[in-house]
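FYI, in our numbering the residues of the sequence shown are 8 to 130.
Below is one structure, written out as structure tokens; comments come after it.
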Amino acid sequence: MNFTRFYAAGAIAIGIMQVIDGVLLVLNKGNPTMFNYIVVMFELFWLPVCTIMVFVFKKNKLSMLSPYSYIFYNFIGWTIAALMAEPDAGTVNATMVWFAVIGIAFGIYYVAINDRLFRKLPR
8 MNFTRFYAAG
18 AIAIGIMQVI
28 DGVLLVLNKG
38 NPTMFNYIVV
48 MFELFWLPVC
58 TIMVFVFKKN
68 KLSMLSPYSY
78 IFYNFIGWTI
88 AALMAEPDAG
98 TVNATMVWFA
108 VIGIAFGIYY
118 VAINDRLFRK
128 LPR
């Protein structure tokens with residue numbers, strides 16, 4: 008499996024984890040579980056991978072929709088989270104349910120575009 012196929016498969020896994028993460032947040036009314044924290048760690052790890060893939064995809068003339076989408080989603084998500092943060096740093100605030108629903112929608116979108124990319128790449 009070449010590097011770009013490995014990226015697309017990993018991106019599909021990240022998208023599925025984001026959907027599960029969002030569903031758990033909605034079911035728990037915004038209160039994160041241990042799984043949610045684990046997903047955040049995988050998402051943070053995936054951000055530099057996407058940044059590297061921007062250059063790899065540019066060199067191979069592949070669609071950069073996947074890495075750019077993920078980078079943009081993370082930038083917007085962290086910006087909104089920082090703006091919504093309470094000034095009292097000692098407390099953990101429940102994530103807004105609508106924010107989790109946006110995460111579910113992005114996860115579905117991310118799985119779909121990376122599935123398409125995975126199918127187009129040569130074996």
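Heads up, the beta-carbon is just placed ideally off N, CA and C, and yes, glycines get one too.
Remember, it's a predicted structure, so these values are computed and weren't measured experimentally.
Going by C-alpha distance, which of the options is nearest residue i?
i: residue 30; options: 76, 87, 115, 66; result: 115
i: residue 17; options: 70, 117, 127, 130; result: 117
i: residue 106; options: 64, 63, 33, 41; result: 33
i: residue 12; options: 51, 25, 67; result: 67
Assuming residue i contacts residue j (C-beta within less than 8 angstroms), just tell me the rounded distance between them.
i: residue 19; j: residue 121; result: 5 angstroms
i: residue 21; j: residue 49; result: 6 angstroms
Grouping DSSP H, G and I as helix and E and B as strand, with all else coil, what is residue i?
i: residue 37; result: coil
i: residue 1; result: Because the chain in this structure spans residues 8 to 130, residue 1 falls outside the shown range and cannot be described.
i: residue 129; result: coil
i: residue 103; result: coil
i: residue 43; result: helix
i: residue 9; result: coil
**OP:** Could you tell me whether the stretch 57–67 touches the stretch 75–89, using the rule of 3 or more Cβ pairs below 8 angstroms?
**Re:** yes
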